[in-house]
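Sequence lines, in order, name chains E and P. Okay, so the first sequence: first residue is 53 according to this note's numbering, each after it adds one. Okay, so the second sequence: first residue is 248 according to this note's numbering, each after it adds one.
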Amino acid sequence: MDTQTWIYLAVGGSFVLYFVIAILSRAGSTDDFYVAGGGVGPVANGMATAADWMSAASFISMAGLIAFLGYNASPYLMGWTGGFVLLALLLAPYLRKFGSFTVPAFIGARYDSNVARSVAILCLIVASITYVIGQMKGVGVAFGRFLEVEFETGVLIGMAVVFVYSVLGGMKGITYTQIAQYVVLIFAFTVPAIFISIQLTGVALPQIGLGARLADGSGLYLLDKLNATITDLGFDRFTDPEHSTLNIALLTLSLMLGTAGLPHVIIRFFTVRRVADARKSVGWALVFIAILYTTAPAVGAMARLNLMQTVQSAPVGAANANLDYAARPDWFRTWENTGLLAFEDKNGDGRIQYYNDKNPAFADEAAGYGWAGNELTTVDRDIMVLANPEIANLPAWVIALVAAGGVAAALSTAAGLLLAISSAISHDLLKSMVMPQISEKGELLAGRLAMIGAILVAGYLGINPPGFAAEVVALAFGLAASSIFPALLLGIFYKRMNREGVISGMLAGLGTTIAYIFLFKGVFFIPGTNLFPDTATYWWFGLQPEAFGAIGAAINFAVAFGVCAVTRPPSAELQRLVESIRSPGQLKTD
Amino acid sequence: MRDSKHSPARAYWRANLRLLSMLLIVWFVVSYGCGILFVDTLNQVQLGGYPLGYFFAQQGAIYVFVGLIFFYAWRMNALDRRFGVSEED
Numbered sequence: 053m054d055t056q057t058w059i060y061l062a063v064g065g066s067f068v069l070y071f072v073i074a075i076l077s078r079a080g081s082t083d084d085f086y087v088a089g090g091g092v093g094p095v096a097n098g099m100a101t102a103a104d105w106m107s108a109a110s111f112i113s114m115a116g117l118i119a120f121l122g123y124n125a126s127p128y129l130m131g132w133t134g135g136f137v138l139l140a141l142l143l144a145p146y147l148r149k150f151g152s153f154t155v156p157a158f159i160g161a162r163y164d165s166n167v168a169r170s171v172a173i174l175c176l177i178v179a180s181i182t183y184v185i186g187q188m189k190g191v192g193v194a195f196g197r198f199l200e201v202e203f204e205t206g207v208l209i210g211m212a213v214v215f216v217y218s219v220l221g222g223m224k225g226i227t228y229t230q231i232a233q234y235v236v237l238i239f240a241f242t243v244p245a246i247f248i249s250i251q252l253t254g255v256a257l258p259q260i261g262l263g264a265r266l267a268d269g270s271g272l273y274l275l276d277k278l279n280a281t282i283t284d285l286g287f288d289r290f291t292d293p294e295h296s297t298l299n300i301a302l303l304t305l306s307l308m309l310g311t312a313g314l315p316h317v318i319i320r321f322f323t324v325r326r327v328a329d330a331r332k333s334v335g336w337a338l339v340f341i342a343i344l345y346t347t348a349p350a351v352g353a354m355a356r357l358n359l360m361q362t363v364q365s366a367p368v369g370a371a372n373a374n375l376d377y378a379a380r381p382d383w384f385r386t387w388e389n390t391g392l393l394a395f396e397d398k399n400g401d402g403r404i405q406y407y408n409d410k411n412p413a414f415a416d417e418a419a420g421y422g423w424a425g426n427e428l429t430t431v432d433r434d435i436m437v438l439a440n441p442e443i444a445n446l447p448a449w450v451i452a453l454v455a456a457g458g459v460a461a462a463l464s465t466a467a468g469l470l471l472a473i474s475s476a477i478s479h480d481l482l483k484s485m486v487m488p489q490i491s492e493k494g495e496l497l498a499g500r501l502a503m504i505g506a507i508l509v510a511g512y513l514g515i516n517p518p519g520f521a522a523e524v525v526a527l528a529f530g531l532a533a534s535s536i537f538p539a540l541l542l543g544i545f546y547k548r549m550n551r552e553g554v555i556s557g558m559l560a561g562l563g564t565t566i567a568y569i570f571l572f573k574g575v576f577f578i579p580g581t582n583l584f585p586d587t588a589t590y591w592w593f594g595l596q597p598e599a600f601g602a603i604g605a606a607i608n609f610a611v612a613f614g615v616c617a618v619t620r621p622p623s624a625e626l627q628r629l630v631e632s633i634r635s636p637g638q639l640k641t642d
Numbered sequence: 248m249r250d251s252k253h254s255p256a257r258a259y260w261r262a263n264l265r266l267l268s269m270l271l272i273v274w275f276v277v278s279y280g281c282g283i284l285f286v287d288t289l290n291q292v293q294l295g296g297y298p299l300g301y302f303f304a305q306q307g308a309i310y311v312f313v314g315l316i317f318f319y320a321w322r323m324n325a326l327d328r329r330f331g332v333s334e335e336d
């Protein structure tokens with residue numbers, strides 16, 4: 053069978069699986085629709101959370117980022133996993149004890165304020181919508197490449213599939229589909245990694261292979277070889293930091309706080325039965341996430357080494373060491389067609405020179421070889437994971453598996469986000485504020501309609517992405533870190549915190565974070581409206597806009613404490629509520 | 248009784264906070280300490296083919312994170328039972 057047939061089989065087969073699950077797990081009540089009936093086991097919930105959390109960005113982009121940034125991609129690895137420690141220790145068990153359906157519901161009840169609830173709804177919707185656009189784009193790209201359909205058709209197919217199982221099954225359908233999607237995506241990510249690790253080092257586990265010696269008889273460690281290969285071409289060392297320590301640390305912290313504060317992840321822990329299950333379930337979620345996140349550095353490093361050695365097959369400067377363009381491999385041609393890989397023969401020798409032409413220390417050496425600039429003018433980071441199996445000459449079914457995995461990663465995250473949006477609208481806005489008299493049936497219907505609306509908006513924005521689609525992800529994490537996370541943390545750990553404090557804190561954190569991002573990326577991301585260029589020389593204290601969420605959170609805390617100190621404490625009843633969520637069961641009275 | 252300094256609710260909460268702070272210190276040390284602040288120093292040491300600082304940033308910290316969460320769940324369940332607040336009761 054050829055690759056294309058395998059791809060149809062793998063992607064089609066996975067869709068049939070999701071549909072069967074959807075039919076078996078229809079939602080009959082609002083309990084089913086919002087929290088899957090509240091009876092999901094901790095391991096199953098952990099697996100669903102992992103699929104919910106790992107998006108097209110984790111599956112496709114992260115290893116590519118590591119391939120080109122090396123150590124400097126570490127904030128994403130530590131940030132997107134370390135946030136789960138905060139979630140497990142500081143938020144999940146208490147929110148589960150409180151027992152609400154949504155994040156705004158907790159904030160509204162804890163501070164007894166519809167204003168606080170509304171600010172939370174606003175943050176949630178902006179963060180989730182910006183995030184879901186990226187997923188829809190991911191689905192479109194994956195289908196476009198693998199099923200050879202138009203990008204728009206790809207997005208429409210994705211919308212239709214999500215529609216069936218999330219509108220029908222709500223959280224219940226989404227949970228069980230996400231479990232299936234996790235299995236598909238983790239299999240798709242690790243199988244090629246194992247193959248490549250064996251090829252390069254003879255070690256099956258990529259996590260060990262990354263730290264092992266090469267199997268080519270040289271006796272060199274893989275990372276040493278990689279460092280030598282790329283520094284010979286003027287690139288920075290793979291394993292060393294390049295940016296300022298402050299920026300790396302704050303970026304890591306912003307991603308951690310954002311991870312812990314993203315509503316679509318938090319609501320997954322409302323679905324387990326007990327507080328003890330919530331604690332354990334975060335651990336399982338991180339186990340399942342860590343399998344991919346510890347494999348990704350190996351995929352990134354090995355893909356980079358394979359790419360470098362394909363282009364530069366002998367020592368730099370040796371005759372015929374550079375790849376003859378006419379003899380380039382098939383995967384090179386395939387990706388050239390997509391425009392994600394491009395070659396320009398600057399010195400007219402018919403061979404490809406791939407080196408760092410921005411490094412002045414290497415310029416003389418390059419000129420000495422007769423090189424006239426880097427000739428791989430485009431190497432899109434995202435192709436590293438997708439092209440990896442082809443570069444390593446793996447069998448066709450592995451390539452098909454990667455296609456199904458990429459689609460599964462994007463769909464599972466999209467569904468989780470859509471549920472967070474629809475429940476904020478039907479439960480927090482409609483049931484809690486606008487129409488408290490609505491019946492359960494009516495609310496369930498409203499939830500389904502909100503879900504349909506959210507799918508249509510997400511699909512529309514996926515097909516007509518605002519030019520700033522990539523930048524807004526910084527906004528999603530910034531919002532979650534600077535507004536939602538502090539509000540939840542203070543609500544649990546500081547009994548004295550009142551509504552005045554939390555509202556002014558959220559607005560201050562939100563305002564400063566948005567202001568800093570707009571300063572460098574343009575007001576509402578409109579090109580040309582930024583006050584400063586988005587480069588390290590202009591960033592305040594060398595802080596990139598993505599790293600500002602942690603500062604926003606600090607401002608939130610400071611303002612909240614300040615305002616809280618000069619306003620009245622919350623009622624005795626609210627303080628008792630805080631006490632009650634702090635322990636799983638009733639304390640024995642003595 | 249409920250608001251006295253020695254009430255069981257207060258003791259339970261303090262024990263929880265003590266455990267939390269200890270685990271968050273470990274969380275900070277493995278990620279921000281070993282993975283970021285002292286990465287250059289630790290990179291002088293090799294762990295197999297891994298420079299140690301790089302290993303913490305891209306592998307080690309993640310393993311420790313997983314361990315921290317399960318350790319917390321285990322200790323908290325014990326604490327819940329000791330104070331009679333576990334849900335099985």
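Glycine is no exception: its CB is placed at the ideal position from the N, C-alpha and C atoms. This one's a predicted model, so the numbers in the text were calculated from it and none came from an experiment.
Per DSSP, the unbroken beta strand (DSSP E) holding residue 431(E) starts and ends at 428 to 431. In chain E, no part has a C-beta under 9 Å from the C-beta of residue 291(P); the shortest such distance is about 11 Å.
Interface flag for residue 273(E) against chain P is set, since a Cβ pair is found closer than 8 Å. Note that the C-beta distance between residue 456(E) and residue 240(E) is below 8 Å.
Leaving aside the five residues that flank residue 156(E) on each side, the residues in its chain whose CB is nearer than 7 Å to its CB run, in chain order, 169, 172, 173, 176, 476, 480.
If you draw a straight line from the Cα of residue 438(E) to the Cα of residue 545(E), it is about 44 Å long. At a cut-off of 8 Å, the C-beta of residue 276(P) has no neighbouring C-beta in chain E. Contact of residue 272(P) with chain E is not assigned, every C-beta pair being separated by 8 Å or more. Linking residue 182(E) to residue 535(E) through their CA atoms gives a straight-line distance of about 16 Å.
Bounds of the beta strand (DSSP E) holding residue 393(E) are 393 to 395.
In terms of Cβ geometry, residue 119(E) and residue 186(E) do not form a close pair [threshold 8 Å].
A straight line joining the alpha-carbon of residue 554(E) with that of residue 264(P) spans about 22 Å. Inter-residue distance for residue 313(E) and residue 532(E) is about 5 Å (C-alpha atoms, whole angstroms). Annotation for residue 558(E): the continuous alpha helix (DSSP H) segment containing it runs 551 to 573. For residue 224(E), the uninterrupted alpha helix (DSSP H) run begins and ends at 203 to 253, by DSSP. With a threshold of 16 other beta carbon atoms within 10 Å, residue 53(E) falls short and is exposed. The C-alpha of residue 159(E) lies about 17 Å from the C-alpha of residue 86(E). Closest in alpha carbon position to residue 600(E), among 571(E), 575(E), 203(E), is 571(E). Taken in chain order, the members of the region 291 to 306 of chain E whose beta-carbon sits within less than 9 Å of a beta-carbon on chain P are 291, 292, 293, 297, 300, 301, 304, 305. Bounds of the alpha helix (DSSP H) holding residue 631(E) are 624 to 633. Using beta-carbon distances, residue 299(P) does not count as an interface residue toward chain E, since no partner is under 8 Å. Within chain E, 123, 126, 129, 130 have C-beta atoms less than 8 Å from the C-beta of residue 304(P), given in sequence order. Residue 441(E) sits away from residue 431(E), with the two beta carbons spaced by 8 Å or more. Note on geometry: alpha-carbon atoms of residue 348(E) and residue 580(E) lie some 36 Å from one another. Apart from sequence neighbours up to five positions away, the residues of its chain that approach residue 288(E) with a beta-carbon distance below 7 Å are 294, ordered along the chain. For secondary structure counted as the alpha helix (DSSP H) over 4 or more consecutive residues, the region 431 to 480 of chain E holds these complete runs in sequence order: 435 to 443, 448 to 475.
Taking 8 Å as the cut-off, the beta carbon of residue 152(E) is found no closer than this to the beta carbon of residue 472(E). Every alpha helix (DSSP H) of 4 residues or more that sits fully in the region 252 to 330 of chain E is shown, in chain order, as 258 to 261, 274 to 283, 297 to 313, 315 to 318.
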